Each structure stands twice: as structure tokens, then as C-alpha cells.
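Report on the structure given below.
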Amino acid sequence: MFKRVTVLISCLILVGMSHAACSEEAPMPDKTTASALDLISGEPQKLPIQGMVTMVDIGAHACIPCKMMTPIIEELSKEYEGRAAIAFIDVWKHREQASRYGISAIPTQIFYDPQGKEQYRHTGFLDKQSIVAKLAELGVKED
């Protein structure tokens with residue numbers, strides 16, 4: 011009986027060690043950057059994106075000025091993919107994000123440099139040309 015218990019414990023230890031070794035060799039991928047579609051989904055993301063100029067539009071899908079900005083954000087997200095991160099967060103669905111970004115009115119756009127430092131903040135509707143100009147001012151080249 012003692013031999014059987016010893017063998018069983020030894021097998022369990024070997025299986026545990028093998029599992030630990032496998033998980034160290036092949037860690038789960040860490041999703042550090044989201045796709046353009048993820049960034050404009052309205053869901054909270056890890057922002058700003060390090061190493062990239064980032065514009066975060068904070069609003070709500072049901073807010074009228076925010077709805078007016080939706081096609082602009084969608085266009086810019088596609089046009090600038092890989093060169094700048096364009097994000098949208100719906101603060102009516104994710105109210106905790108308002109305090110995280112210090113939002114008192116929507117829509118609010120926040121622009122960050124590649125080091126993640128806030129460079130500019132605007133409250134209210136912001137047209138495409140103004141966004142493109144701010145991105146260019148932060149060093150993002152047009153395609």
C-alpha cells in the first residue's frame with residue numbers, strides 16, 4: 011500500500027511539474043494593443059496606447075453630438091490604423107470611465123503623445139479636419 015501511495019504521489023508531482031514547465035514555455039498571449047474595431051467599440055481599453063499618438067473620444071452612443079461624431083471616428087480609425095490609435099468609450103455604459111478621464115461633459119476628446127502624456131483636451135463636437143490637424147501637430151503623418 012505504501013508503495014502505491016508513493017508512486018501515485020510521485021506521478022502527481024511529475025504531472026504538476028510538467029504542467030508548470032509547459033505554461034512557462036508558452037505563456038498566454040498578452041493583448042497589449044487592441045484592433046481598430048476594438049478601440050471604437052465603446053468598451054474600456056488599455057489607453058493610451060504606448061508608443062503611438064492616441065485620441066480618445068469619450069461620449070455615449072445615445073448622445074446626439076456623439077452620434078454626429080461616430081462616422082468621423084469610424085473613418086479616422088480605419089485611415090490611421092497602425093499610425094495612431096483612435097478610440098471611443100461609451101461612458102453611459104461604463105460610468106467609472108468618466109472619473110478615470112476626468113470627464114464633466116460629453117463628447118470630450120483627449121489627445122495623447124506617444125509617451126502617453128495628455129497633450130490636448132476638447133469638449134463638444136470636433137470635426138474631422140480639426141482632429142486630423144491635431145494628429146498632424148502631434149507628429150502623425152497623413153497617408
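Take my numbering: the final residue in the sequence shown is number 153, and no numbers are missing along the way.
The beta carbon of each residue, even a glycine, is placed where N, CA and C say it ideally should be.
Here the structure is a predicted model, which means the values were calculated and not measured.
Quiz item: So what's Ala146 in DSSP terms, helix, strand or just coil?
Solution: Helix, per DSSP.
Quiz prompt | Reduced DSSP secondary structure (H/G/I, E/B, other) of Met62 | solution = Correct three-state label for Met62: coil.
Practice problem: Check Gln107 in the structure and name its three-state DSSP category. | Solution: Residue state, collapsed to three classes: helix.
Quiz item: Sorted by chain position, which residues of the same chain lie with C-beta nearer than 7 Å to Ala44's C-beta, five sequence neighbours on each side aside?
Solution: Only Gln55 meet the Cβ criterion.
Practice problem: Kindly identify the DSSP beta-bridge partner or partners of Glu128. | Solution: When DSSP reads this structure, Glu128 sits in a beta bridge with Tyr122.
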